[in-house]
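Here the structure comes first, spelled out in structure tokens, and everything after it is commentary.
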Amino acid sequence: MTNADYSPRSGTPAPPRLAALRRPGATPGARSTAVVARLPGLALACAVALVATAAGRLAPVIGGPVSAVVLGVLVAVAVRPGERLRPGIAFAGRGVLQAAVVVLGAQLSLTQVLRVGVGSLPVMIGTLAACLAAAYWIGRRLGVVRDLRTLIGVGTGVCGASAIAAVTPVIGAAEAQVAYAISTIFVFNVAAVLSFPALGHLLGMGQEAFGVFAGTAVNDMSSVVAAAATYGGPAADHAVVVKLARTLMIIPICLVLAAIARRRTRTAEDAAADTETAGPGQGAAAPVRVGRLVPWFLIGFLALAAANTAGLVPPAAHGPIGTLAVFLITVALSAVGLSTQPAKLRRTGLAPLLLGGCLWVVVSATSLGFHFLGQYL
1 MTNADYSPRS GTPAPPRLAA LRRPGATPGA RSTAVVARLP GLALACAVAL
51 VATAAGRLAP VIGGPVSAVV LGVLVAVAVR PGERLRPGIA FAGRGVLQAA
101 VVVLGAQLSL TQVLRVGVGS LPVMIGTLAA CLAAAYWIGR RLGVVRDLRT
151 LIGVGTGVCG ASAIAAVTPV IGAAEAQVAY AISTIFVFNV AAVLSFPALG
201 HLLGMGQEAF GVFAGTAVND MSSVVAAAAT YGGPAADHAV VVKLARTLMI
251 IPICLVLAAI ARRRTRTAED AAADTETAGP GQGAAAPVRV GRLVPWFLIG
301 FLALAAANTA GLVPPAAHGP IGTLAVFLIT VALSAVGLST QPAKLRRTGL
351 APLLLGGCLW VVVSATSLGF HFLGQYL
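Be aware that the sequence shown starts at 1, since it is given in the numbering used here, and climbs by one per residue.
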């Protein structure tokens with residue numbers, strides 16, 4: 001299974017129509033069919049986002065993005081979206097979110113991006129190191145299998161479902177393990193969105209400080225932006241930059257995991273050759289292409305930030321652009337809520353969920369520790 005045929009939300013292969021759209025040689029007819037297949041689910045996500053936006057205006061402390069997650073979960077439990085709606089919901093949860101990140105770039109300058117990214121580097125490296133070490137140590141003691149604890153550790157430490165999707169073909173993880181990992185990450189994404197803004201206010205954190213906290217301590221980009229946008233616009237700007245810089249960490253991680261996986265594969269093949277049973281297994285690791293690990297939306301974000309730095313984006317357009325970005329984020333979070341599958345969360349089991357909770361606490365505490373340490377230095 002390749003990244004092109006993988007749906008990071010569900011942990012299952014993408015529907016054939018979506019796989020046809022992603023395939024380089026797909027015909028115009030196949031692309032058109034796939035686009036049409038997305039419309040019902042996308043329309044549902046937009047409808048939930050509109051209601052959530054209205055609810056967010058009535059309760060600004062909660063905000064539209066958080067309302068979108070809650071409403072999406074309620075609709076998913078009540079309606080249980082079927083196959084007809086899933087392609088559009090999957091696209092809204094990933095494609096629309098990526099478009100929102102690109103749009104956010106039009107409000108920032110490259111100088112700001114560089115300053116925030118470099119300034120948050122010690123926190124990013126510290127939280128990632130703490131998370132991966134805890135995943136190995138705690139995961140082994142909880143009895144969580146190697147590939148599953150790797151997926152949960154990378155998903156928590158780097159960028160949630162996106163990191164899990166990138167690492168899956170590298171280590172050859174089973175689909176059931178991917179689904180467990182994503183379900184576990186999702187639980188603590190929602191917990192972060194609901195609790196972190198209140199925690200930030202309780203601790204008296206400023207906009208920049210909370211942006212760094214959200215960007216380093218929350219898993220998926222959608223949840224990072226939702227938590228930060230609820231706290232304030234400047235916090236969201238900082239959180240997006242920190243999160244994008246953190247996302248790049250997946251490149252060295254995938255390269256290291258690929259080297260480890262290749263060594264294990266060679267060892268297994270050598271052992272199998274001794275008994276004349278050598279041969280590639282179903283879980284064989286896939287080769288890594290560095291270029292494919294750099295997300296397109298990061299390039300788009302930097303391109304629009306460069307355009308804004310060059311003065312090509314009028315200052316008067318920043319307000320409408322910000323409104324558009326928040327609505328796109330709300331649509332994406334509606335899809336995240338609509339993607340909820342309670343049965344899959346139940347099947348995750350206690351040990352992986354407990355591991356995810358421990359790692360969430362470790363990353364959050366490490367990020368806050370760096371924040372308060374910086375205040376005393």
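Even glycine gets a Cβ: it sits at the ideal position worked out from N, Cα and C. Remember, it's a predicted structure, so these values are computed and weren't measured experimentally.
Cβ-Cβ separation, residue j to residue i (assumed contact under 8 angstroms), whole Å
i, j, result
"R334", "T216", "The amino acid occupying residue 334 in the given sequence is Ser; Arg does not appear at that position. That belief does not hold up - the Cβ atoms of S334 and T216 are roughly 25 angstroms apart, past 8 angstroms."
"P352", "I152", "6 angstroms"
"I185", "T156", "7 angstroms"
"V326", "G88", "Actually they are not in contact, since the Cβ atoms of V326 and G88 sit about 21 angstroms apart, beyond 8 angstroms."
"I250", "A163", "5 angstroms"
"V218", "A192", "5 angstroms"
"A52", "T340", "Between T340 and A52 the Cβ distance is about 15 angstroms, and since that is not below 8 angstroms, they are no contact."
"F188", "G319", "Wrong, their Cβ atoms sit about 33 angstroms apart, outside the cutoff."
"V242", "V212", "6 angstroms"
"F297", "V101", "5 angstroms"
"G172", "A261", "7 angstroms"
"M221", "L108", "With a Cβ gap of about 15 angstroms, M221 and L108 do not count as contacting."
"V158", "I253", "7 angstroms"
"L328", "A99", "6 angstroms"
Residue burial classification, residue i (beta-carbon count within 10 angstroms, cutoff 16)
i, result
"H238", "buried"
"W465", "This structure cannot settle anything about residue 465, because the visible part of the chain is limited to 1 through 377."
"I299", "exposed"
"V170", "buried"
"V79", "exposed"
"S32", "exposed"
"S7", "Legend: pLDDT at S7 = 43, less than 50; position of this residue unreliable, value from coordinates given subsequently. Per the 10 Å Cβ criterion, buried."
"I321", "buried"
"R246", "buried"
"L360", "Per the sequence shown, residue 360 should be read as Trp rather than Leu. So W360 counts as buried."
"L355", "buried"
"T323", "exposed"
"R57", "exposed"
"L121", "exposed"
"S195", "exposed"
"Q375", "exposed"
"A133", "exposed"
"V190", "buried"
"A259", "exposed"
"A68", "buried"
"A365", "exposed"
"G337", "buried"
"A106", "buried"
"V363", "buried"
Per-residue DSSP class, three states only, for residue i
i, result
"T340", "coil"
"L355", "helix"
"E83", "coil"
"V326", "helix"
"L248", "coil"
"A191", "helix"
"D237", "helix"
"M124", "helix"
"D147", "helix"
"P310", "Note on residue identity: the sequence assigns Ala, not Pro, to residue 310. Correct three-state label for A310: coil."
"G206", "coil"
"S183", "helix"
"L403", "The shown model of the chain, from 1 to 377, leaves out residue 403, and the question about it has no answer."
"A174", "coil"
"V426", "With the chain covering 1 to 377 only, the question about residue 426 has no answer from this structure."
"G232", "coil"
"S109", "coil"
"V77", "helix"
"V36", "helix"
"V154", "helix"
"V69", "helix"
"V218", "coil"
CB contact check: residue i to chain C, cutoff 8 angstroms
i, result
"G206", "No chain C is part of this structure, which consists of one protein chain only."
The region 195–209 contacting the region 299–315, beta-carbon criterion three pairs below 8 angstroms: Two segments are said to touch when three or more pairs of C-beta atoms, one from each, lie closer than 8 angstroms; by this definition the region 195–209 does not touch the region 299–315.
Stretch-stretch touch, CB-based, cutoff 8 angstroms, three pairs: the region 66–82 with the region 103–113: no
The region 182–202 / the region 224–234 touching (three or more Cβ pairs under 8 angstroms): The count of Cβ pairs closer than 8 angstroms, one atom from the region 182–202 and one from the region 224–234, reaches three, so the stretches are in contact.
The region 116–128 in contact with the region 360–374 per 3-pair CB rule at 8 angstroms: yes
Touching by the beta-carbon criterion (3+ pairs, under 8 angstroms), the region 84–103 and the region 31–51: yes
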